[in-house]
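Since the structure comes first, as C-alpha cells, the remarks are kept for the end.
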Amino acid sequence: MISENEARAKILEAVRPLPPRKMSISGALDLFAAENYFARLPLPNFDNSAMDGYAVIASDCKKDARLRVISEQPAGVDRKLRVSNGKTVRIFTGAPMPAGADAVVMQEDVTREGDEIVINGDVEVDEFVRKRGCDLGEGQKILGKGDRIVATKLALLASQGFAQVSVGGEVRAAIISTGNELAKPGEKIEPGQIYDSNSVLLQSLLKRSSAAAASVENCSDDGDSLRAAMQRAAGNEILIVSGGVSVGEHDLVQKTLRDLGATIDIWRVAIKPGKPFLFGQLGRCFVFGLPGNPVSAFITFLQFVRPAILKMMGATDVDLPKMPAKLTVDLTNDGDRAHYLRGKLENGNFAPVGRQESHALFGLSQSNALLRVGTGESFKAGEIVHIQAWE
Ligand code: AMP
Ligand code: MG
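Here the sequence shown stands for residues 183 to 573, numbered as in this note's numbering.
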C-alpha cells in the first residue's frame, strides 16, 4: 500500500499533456488554453459614449446654457464629427466621440428645443465617456497557458476578434463496468442483481472534467470477456475500469491486464474509501482501476483520474478547488489511510452527511463537498477546515 500523495505523484509523472489543437471559440468552453493570449485591441477600442445623449464641451455646460445641435453620431460608424464651443452632437451609446467633445450629457438631463438643447446643470470632463483602453490595454495578457477557458474568457477572446483558440489535446476515455451482478437501468432486475450506477457516474465525472466517454461497456467477471473489452478500449488515451480490482476470485482486472502485457504501477493506496485502486499502462493507454463501490469509485476518480485528465488536457491547476468552511463536529482519523468524508457545505458550514461507508450512494448523493482527514489528524467543531468542492 502506498500513500495517496505518492500515488498521485506517480500518476502525474506518468501522464503527459497531449498535443494541442485549434478550435472555434464556440466549442472551447471549459477546455484549457494551450498558449498565452494577449490583447491585440484596447478595450474600448475608441473613446465612445456610455449614454444616449449629447456630446459636449464640459466647460460650455452651465445651467440654462444653450447649445446648437449640429449633427448626429450613431453607433457603428465614425462620422468624424467635431464639436466646438456653443455646439453639440446628438450621440448614442457606443458611438465614437466627436473630436473636441470631452463629455456626454444624458438626454434626460437636457431639454430639447428644436435644433437646440438647454443644459440643466454642470457637466464634468469625461462624464459618460468610455475612454479608449480604460478597461484593457493593448498587449495586456488576457488568457494564460493552462488556464481554464470559462465563458467570460471566451467573451474576452471574441472581443479581440479571435475566432479560434488553441487548446490542450482531447482525452478520450473508455469505461468498463465489471461485475456479474450488474444490470442496466431500464432492464428487469433478477434476484441478487444490482443496477449499474458507476457507468453513468463515471461518464458524468468525465464530462465535468471536460473529457469525453468514447465508449461505455458492461463486462461480466470472466477473463475472456474482460480481455476482449480491454483490447477494444486500449486505443483510447485512458481506460477506466470499475470493480474487480480487489482480492477476491472474481476480481480479474489486474490478472487480465498482466495477461495483456500491461504494467501495473500502483495497486492499493492508503485512501478511504478506495484502497484497492489500481493504475497501470496498457500499451499507450493509461488504465485506472477503480473499486466498484460507488463512493470508492467517486473518490478515486476525483483524487486520481481527474488530475491526470486535466494534466493531459494542458491544465495548470489539476486540483479540486478548495474553500474554507466551519466544521460542525469533532473529527479524528485513527486509521492508517487518509479519509475523505462526504459532507454538506451550507452557509459556510461543513457537516458530514449520510453513512460514511463506501457503498452508501444515497449519503454521497446528499453531499456536495469532501473533507480530507489525514492519518492521525483531528479537527474540533467550530474549526475552519479546507474542504474540496466538486460541483
Ligand atoms: P468490486 O469492486 O467489484 O469488488 O465491487 C464492490 C462492490 O461494488 C460490490 O458490492 C459491487 O456489487 C458494487 N459494484 C460494482 N460495480 C458496480 C457498479 N457498476 N455500480 C454499482 N455498484 C457496483
Ligand atoms: Mg466485482
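Even glycine gets a Cβ: it sits at the ideal position worked out from N, Cα and C.
Nearest C-alpha to P476 among S359, K244, Q346 and Q322: S359. If you check the CB distance, P473 and P458 come in under 8 Å. Within the region 322 to 352, complete alpha helix (DSSP H) segments of at least 4 residues are found at 333 to 341, given in chain order.
Nearest Cα to T334 within the set I448, S208, A410 and L387: S208.
When secondary structure is reduced to three states using DSSP, S397 falls in the strand class. According to the DSSP assignment, R390 belongs to the alpha helix (DSSP H) that extends over N380 to R390. Residue state for L509 is assigned as strand, using DSSP reduced to three classes.
Its chain contains D403 as the residues whose beta carbon lies nearer than 6 Å to that of H432, once the 5 sequence neighbours on both sides are disregarded; these appear in chain order.
In the structure shown, the three-state DSSP call for E363 is coil. Note that the region 456 to 471 touches the region 404 to 420; at least 3 beta-carbon pairs, one per stretch, sit closer than 8 Å. Sequence-distant partners of A277 (beyond 5 residues in either direction) whose C-beta falls short of 7 Å from its own C-beta, in its chain, are N230, S231, Q255, P256 and A257. Counting along the chain, no beta strand (DSSP E) covers Q375, and no H or E run does either.
Taking a contact as a CB-CB distance under 8 Å, the pair T270 and V251 counts as one, their CB atoms being some 6 Å apart. Inter-residue distance for A210 and P201 is about 16 Å (C-alpha atoms, whole angstroms). Counting only the Cα atoms, F532 lies some 31 Å from I422.
A Cβ-Cβ contact shorter than 8 Å links L546 with F480. In the assembly as shown, C401 is a buried residue. Its beta-carbon has 16 or more other beta-carbons within 10 Å. Distances from the alpha-carbon of P224 to those of L318, L388 and E372 put L318 closest.
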